[in-house]
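For reference, each letter of the sequence shown is one residue, going 347 to 477 in the numbering used here.
Below is one structure, written out as structure tokens; comments come after it.
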Amino acid sequence: MSIMTLPSLPRIDGIALIVEDAMIVAYDVAAMLGDFGAAEVVICATLDDAMRKIAEGLLPTLALLDIDLGGETSLAAARALAERAVPILYSTGYDHEPELLGTFPSGAMLDKPYTGDDIARALVAMGFKAT
Numbered sequence: 347m348s349i350m351t352l353p354s355l356p357r358i359d360g361i362a363l364i365v366e367d368a369m370i371v372a373y374d375v376a377a378m379l380g381d382f383g384a385a386e387v388v389i390c391a392t393l394d395d396a397m398r399k400i401a402e403g404l405l406p407t408l409a410l411l412d413i414d415l416g417g418e419t420s421l422a423a424a425r426a427l428a429e430r431a432v433p434i435l436y437s438t439g440y441d442h443e444p445e446l447l448g449t450f451p452s453g454a455m456l457d458k459p460y461t462g463d464d465i466a467r468a469l470v471a472m473g474f475k476a477t
């Protein structure tokens, strides 16, 4: 994980939400988001867990959602977060049909596998300010 190739790093203040069913990926991404300044990273392995956290009032500064959660998609969480104006960064390890992706609220896309540099570039493109 190298995030040193950019002249300055985008900053995430506050809480980051990761919805990812592959825990090794989730923990790696959590470490990367911590490097970008996330004060707390909440990891949800299932759509139900993510929806519960959102219903309980979780309002993250950024959400990173895996599109395919082992037989279901993160679409419901994406819609709930978009209604709350949460910036969304999607990740996928598959070539999804354009029709499926068209049902998701707007956000940046990461193709797995991705690096800290990939996340940094996506965050800058999403408007997160560099430090």
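In this text, a Cβ means the ideal position worked out from N, Cα and C, and glycines have one as well.
Worksheet item: Below 7 angstroms between beta carbons: does that hold for Ile361 and Gly383?
Response: no
Worksheet item: So, are the CB atoms of Ala468 and Ala454 less than 7 angstroms apart?
Response: yes
Practice prompt. Compute the Euclidean distance between the alpha carbons of Gly417 and Gly439, then round it to the nearest angstrom.
Written response: 14 angstroms
Worksheet item: If we ignore side chains and look at the alpha-carbon of each, how far apart do Met369 and Tyr460 end up?
Response: 15 angstroms
Worksheet entry | Which of helix, strand or coil DSSP assigns to Glu429 | helix
Worksheet entry | First through last residue of the beta strand (DSSP E) which encompasses Leu410 | Leu408 to Asp412
Worksheet entry | Short Cβ contact (7 angstroms threshold) for Ala396 with Ala423 | yes
Discussion item. I'd like to know whether the C-beta of Leu405 is nearer than 7 angstroms to at least one C-beta of chain C.
Written reply: No chain C is present in this structure, which holds just one protein chain.
Discussion item. Rounded to the nearest angstrom, what separates Pro433 and Ser420 at their Cα positions?
Written reply: 14 angstroms
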